[in-house]
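First the structure, in the form of structure tokens, and then the observations on it.
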Amino acid sequence: MKTIVICFSAEQGKTRKIAEALSRGIGADLFEIRPEQPYTPAELRWINPFARCNTEKRKKADVPVVGKVENWDEYDTVYLGFPIWYYAAPNVVCTFCKGYDWSGKTVHIFATSGSSGIGKTAEKLEPYVKGAVIADAKRVTSAEEIGAF
Ligand SMILES: Cc1cc2nc3c(=O)[nH]c(=O)nc-3n(C[C@H](O)[C@H](O)[C@H](O)COP(=O)(O)O)c2cc1C
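Note that numbering that gives the first Met the number 0 has the sequence shown beginning at 0, numbered continuously upward.
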């Protein structure tokens, strides 16, 4: 069985850089979650109550994703990385997760943030990865901190 690193990254590519280093470090495939409609900087300005990020959050909106992971069934271990938005995974990560059967997978969550700790991020994501075991969830600033290599 195989391992895949899956990441979403929006603002400065912080999470993507960590995901890339992780996938290189452990020799795993990499898939980037990209929204069909990419976020502009203005859409991410959470201090504006009408910014896209805030309206999506309020409406619990699904955010459609470009493409699919090929041969999903071949993976038994998933490293899932994203920036913490509002103390949780961004909606687009939840939409991505809904599109797959997670049974039997082991999931390692890693997240970047401005300052928040991991908090209840994993618990909030659990309903979207039903059947998987979330082995750990860490807020990190580097791939090394994930502890996979
Ligand atoms: C809509 C939105 C909500 C955010 N919410 C939080 C938060 O609750 N706590 C926090 O510490 N940082 C928060 N941030 C900051 C991001 O988590 C942080 O900048 C992240 O490392 C960016 O990663 P990226 O460059 O991969 O997108 C938020 C950023 C955005 C755009």
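The beta-carbon is built from N, C-alpha and C at its ideal position, and this holds for glycine as well.
| Beta carbon of Ile32, beta carbon of Phe81: below 9 Å? | Counting from one through the sequence shown, the residue named residue 32 turns up at place 33. Counting from one through the sequence shown, the residue named residue 81 turns up at place 82. The answer is yes: Cβ separation under 9 Å.
| task | May I ask which residues mark the beginning and end of the alpha helix (DSSP H) holding Ala18? | result | Mapped onto the sequence shown, residue 18 falls at position 19. Lys13 to Ile25 is the span of the alpha helix (DSSP H), which, as asked, contains Ala18.
| Alpha-carbon to alpha-carbon, Tyr86 and Ser115 | Along the sequence shown, one-based indexing puts residue 115 at 116. Along the sequence shown, one-based indexing puts residue 86 at 87. Taking the straight line from one Cα to the other gives about 7 Å.
| query | What are the boundary residues of the alpha helix (DSSP H) that Thr94 is part of? | reply | Within the sequence shown, the letter at position 95 stands for residue 94. Looking at the DSSP string, the run of the alpha helix (DSSP H) that includes Thr94 is Asn90 to Lys97.
| said: Comparing C-alpha positions only, which one of Pro37, Glu42, Lys137 and Val106 sits nearest to Lys129? | reply: Reading the sequence shown from its first residue, position 130 is the one you call residue 129. For the options Pro37, Glu42, Lys137 and Val106, the alpha carbon positioned closest to that of Lys129 is the one of Val106.
| query | Ordered along the chain, which non-local residues of its own chain (more than five positions away) have a Cβ less than 7 Å from that of Ala9? | reply | Translated into positions along the sequence shown, residue 9 becomes position 10. Excluding residues up to 5 positions away in sequence, Tyr38, Leu43 and Pro82 lie with their Cβ nearer than 7 Å to the Cβ of Ala9 in the same chain.
| field | Same chain, Cβ closer than 8 Å to Lys56, neighbours up to 5 away in sequence not counted | value | For the purposes of this step, residue 56 is identified with residue 57 of the sequence shown, where counting begins at 1. Hits under 8 Å: Trp84, Tyr85 and Asn90.
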